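Visitor: Once you've had a glance at the structure underneath, I'll fire off some questions.
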Amino acid sequence: FKYKWAWEKYLATCANHWMPQEVNMSRDIALWKSPNGLTEDERRIVKRNLGFFVTADSLAANNIVLGTYRHITAPECRQFLLRQAFEEAIHTHAYQYIVESLGLDEGEIFNAYNEVASIRDKDEFLIPFIDAIMDPGFVTGTPEADQTLLKSLIVFACLMEGLFFYVGFTQILALGRQNKMTGAAE
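So the sequence shown is numbered by my numbering: it starts at 1 and just counts up by one.
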């Protein structure tokens, strides 16, 4: 392999495979149904983060499959990108599993993009970085085009995955540390 690291990352992510239905949601369900289980702010944290995650992971998958993939030619790197796209699909499945388990209003969660300005603003910030590399006329090989691809990779790896997602994950994990929403935190 030219990029042994990519193959090693592919193998590591395969070894770390999981499916959402493996997570026991019974404590989360009981807590959610209990009138005193969570405060209104804690419920809002769960719902708003799910609302952000479902659209953001879809954008992440689109960026990988419809944007980045066609510009990466090394087979081992492509294999890793496909696995990463599958991870995004598992995450979307996990959010759906949480929504269904808790009996949340799917319309409210999946429409948060249209109803919550902060979610919409984050997503709208990201979309141009996907669109630029998805354009059928976009090809790499010039400094300007290579910089456009690099900007897209940096925005998604650092800003989206490294900031936007972790802010939400931190909130859910904080609930888990308080012994609340432990299934979702898993």
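The beta-carbon is built from N, C-alpha and C at its ideal position, and this holds for glycine as well.
This structure is a prediction, so every number in the text was calculated from the model and none was measured.
T55 and T97 - do their beta-carbons sit closer together than 8 Å?
Guide: One detail in the question is off: residue 97 reads as Tyr in this sequence, not Thr. Not a contact, by the Cβ cut-off of 8 Å.
Visitor: Just to check my reading of the structure: Y3 and E76 have Cβ atoms closer than 8 Å, yes? What is that Cβ distance to the nearest angstrom?
Guide: Rounded, the Cβ-Cβ distance is 5 Å, consistent with contact.
Visitor: Express the C-alpha separation of L126 and L59 in angstroms, rounding to a whole number.
Guide: In a straight line, the C-alpha of L59 is about 8 Å away from that of L126.
Visitor: How about A24 and I130: are their beta carbons less than 8 Å apart?
Guide: One point to set straight first is that residue 24 is Asn, not Ala, in the sequence displayed. Cβ atoms of N24 and I130: not closer than 8 Å.
Visitor: Measure the C-alpha to C-alpha separation of D105 and E42 and round it to an integer number of angstroms.
Guide: Each residue's alpha carbon lies about 16 Å from the other.
Visitor: Between the segment 141-148 and the segment 85-93, can you find at least three pairs of beta-carbon atoms closer than 8 Å?
Guide: With a cut-off of 8 Å, the segment 141-148 and the segment 85-93 do not count as touching, because too few Cβ pairs lie within range.
Visitor: Where do the ends of the alpha helix (DSSP H) carrying K180 lie?
Guide: Note, K180: premise wrong, no alpha helix (DSSP H); not H, not E.
Visitor: Give the single residue among W7, T170, Q84 whose Cα lies nearest to the Cα of F156.
Guide: Cα-wise, what sits closest to F156 is Q84.
Visitor: Once DSSP output is grouped into helix, strand and coil, what is the label at F165?
Guide: Helix at F165.
Visitor: F138 by DSSP, collapsed to three states: which one?
Guide: It is coil, neither helix nor strand.
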